[in-house]
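Structure below.
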């Protein structure tokens, strides 16, 4: 969007209001020690390894790798290591859809069922390309434990298509929005139908090769040796997440270096090599961000991830400053680091790095007991996702403890959850389960009945009450 970038001459992010004559690439290095210090705090907590890149006008001014790509082999992360970018490759899929619209091979209002067979659910006949791209089709997700634990070879587009053909819509197409991995998988299938070649070849020919992205993997990931292994810090220490690996798909799963990702997003936001300007303005996303090209310090975030991996770009649209963080640890640490780096670049104080809420809660419980956890719960979980309900923190911790045969600790935690969130049915349902594990059927029945008094339609509690009454 070159015509909107002239305004970058107005204000310099790196120097605040000190004057645009100081706005140079080398100016970014004034933040090097602050960036180093901030990132290393996350590393010291044991929750970050990965790479950080900051660029001005598409040229890196800061790029460093941290920690290990593979802990078993003691192999360090480098700037040439390939990192899983997760859902960020939905933007690759969007790009190809826009290309096909520019080529008049697709139209925004084309119906999905005109390209894909076997969709007979109510409402699917009304789903358009625009609905799929904008997450307003009514489809939801396909990832559950059954899918995640499939053999690597079966976690592919064909399997997702089978799931989608049997999935009821969450709402009438166009009437709401719900982030949808299924929707973007279906867009990939449509791309294959329209072009006659598979999705990966489309990405290679239409994006990767034209941009010279030589360090991007689109397939055959399992046995690559220069990629990261994903890790999560759990109550048992650091564990790898190789079980969740899947072949790249239209909704996520590409692997690349920070510099390759920068190449893509520079063109995605500013270039016309991939998508003509006239077509960008027909897309809802580009329309939405268009005004921010003229607003200094406006940041657009795009992120992706799965268990053990997290990736993000924070793009200052007006100034063309890019902050890319790729992590082979989860929680989602890349996004939290990016938030802090954005604050630093705005000459503000970043949030102090903390352990994830679940781990912070467990460490406090182990060190100081359940009463301390109760009294300091809000403080310990202050960095939890603001839009998510906090009752899930101790609920998840309780089940992790249960899985590790820590019955008494699980009991303490799940009991406390009912005290902190007495109006949440699931808290009582989980408490009932732990009481059953301890052999206290009478107390378990009381807990399950309490759950049903809050939510009479909770299936697990209904089943438990029926069994306990027999």
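Numbering (the numbering used here), first residue to last: 869 to 1338.
Don't be surprised by glycine CBs; every beta carbon is placed ideally from N, CA and C.
Small disclaimer: the values here were computed from a predicted structure and weren't measured.
Query                                                                                                                                                                                      : Result
As an exercise, report each continuous beta strand (DSSP E) stretch of at least 3 residues that is fully enclosed by the segment 906-936, in chain order.                                  : 918-924, 927-934
To test your reading of the DSSP string, which unbroken alpha helix (DSSP H) runs of 4 or more residues are found completely within the segment 1194-1219?                                 : 1201-1213
Go through the segment 952-1040 residue by residue and report every complete run of the alpha helix (DSSP H) that reaches 4 residues or more, in order.                                    : 958-970, 997-1001, 1013-1016, 1025-1033
List the whole-angstrom C-beta distance separating residue 1122 from residue 1085, where the pair is believed to meet the contact cut-off of C-beta under 8 Å.                             : 7 Å
For residue 1344, which residues in the same chain have their Cβ closer than 8 Å to its Cβ, ignoring the five residues on either side in sequence?                                         : The question about residue 1344 has no answer, for the chain in this structure spans 869 to 1338.
Rounding to the nearest angstrom, what Cα-Cα distance links residue 894 and residue 1188 in this structure?                                                                                : Because residue 894 sits at a pLDDT of 46, beneath the cut-off of 50, its placement in the model cannot be relied upon, and the following sentence gives the value as read from the coordinates. So the alpha carbons of these two residues sit roughly 15 Å apart.
Between 933, 1224, 1070, 1076, which has its C-alpha nearest residue 915's C-alpha?                                                                                                        : 1224
Among 1306, 1295, 1311, which one has its Cα closest to the Cα of residue 1328?                                                                                                            : 1295
Helix, strand or coil for residue 892? Go by DSSP, reduced to three states.                                                                                                                : Annotation note: pLDDT 43 at residue 892 (below 50); position unreliable, coordinate value reported separately. Coil, per DSSP.
Give the secondary structure of residue 1266 by DSSP, where H, G and I count as helix, E and B as strand, and everything else as coil.                                                     : helix
Pop quiz: residue 1025 and residue 1118 are said to be a contact at Cβ under 8 Å. What is the actual Cβ separation, rounded to whole angstroms?                                            : 7 Å
Mind checking which residues open and close the beta strand (DSSP E) that includes residue 1182?                                                                                           : 1177-1184
How is residue 1085 classed by DSSP in three states: helix, strand or coil?                                                                                                                : strand
Quick one: using the 10 Å Cβ neighbour count with 16 as the cut-off for buried, is residue 1045 buried or exposed?                                                                         : exposed
Please state the DSSP three-state secondary structure of residue 1108.                                                                                                                     : strand
Would you mind working out which of 1236, 1221, 1032 sits nearest residue 1250, comparing C-alpha positions?                                                                               : 1221
Tell me whether residue 1083 is buried or exposed, calling it buried when 16 or more other Cβ atoms sit within 10 Å of its Cβ.                                                             : buried
Report the residue from 1009, 1077, 1194, 1180 whose alpha carbon sits nearest the alpha carbon of residue 1099.                                                                           : 1194
Please report the distance separating the alpha-carbon of residue 979 from that of residue 994.                                                                                            : 7 Å
Could you name the residues of the same chain whose beta carbon sits closer than 7 Å to that of residue 1309, not counting the 5 residues immediately before and after it, in chain order? : 1336
In whole angstroms, what is the alpha-carbon distance linking residue 988 and residue 973?                                                                                                 : 24 Å
So is residue 1177 buried or exposed if we call it buried at 16+ other beta carbons inside 10 Å?                                                                                           : buried
Hey, out of 949, 1141, 1338, 1303, whose CA is closest to residue 1089's CA?                                                                                                               : 949
What's the gap between the Cα of residue 1070 and the Cα of residue 1164?                                                                                                                  : 36 Å
Do you know offhand how far residue 885's Cα is from residue 1214's?                                                                                                                       : A caution first: residue 885 carries a pLDDT of 37, below 50, which makes its placement in the model unreliable, though a value can still be read off. Each residue's Cα considered, the two are about 11 Å apart.
Quick one, which of 1203, 1302, 1264 has its alpha-carbon nearest residue 956's?                                                                                                           : 1203
Report the option in 984, 1245, 1051 whose CA atom is closest to the CA atom of residue 1006.                                                                                              : 1051
Starting from the Cα of residue 931, find the closest Cα among 1116, 946, 898 and give me that residue.                                                                                    : 946
Under three-state DSSP, which class holds residue 1147?                                                                                                                                    : helix
Is it buried or exposed for residue 1148, if we count other Cβ within 10 angstroms and need 16 for buried?                                                                                 : buried
Let's test the definition: count the other Cβ atoms within 10 Å of the Cβ of residue 917 and tell me whether it reaches 16, buried, or not, exposed.                                       : buried
Any contact between the segment 1018-1032 and the segment 1179-1186? By contact I mean 3 or more CB pairs, one from each, below 8 Å.                                                       : no
Return helix, strand or coil for residue 1117, following the three-state DSSP convention.                                                                                                  : strand
State the Cα-Cα distance for the pair residue 1003 and residue 1247, rounded to the nearest angstrom.                                                                                      : 35 Å
Under 8 Å, do residue 1080 and residue 961 count as touching if we go by C-beta distance?                                                                                                  : no
Suppose you measure from the CA of residue 1323 to the CA of residue 1259; what does that come to, to the nearest Å?                                                                       : 15 Å
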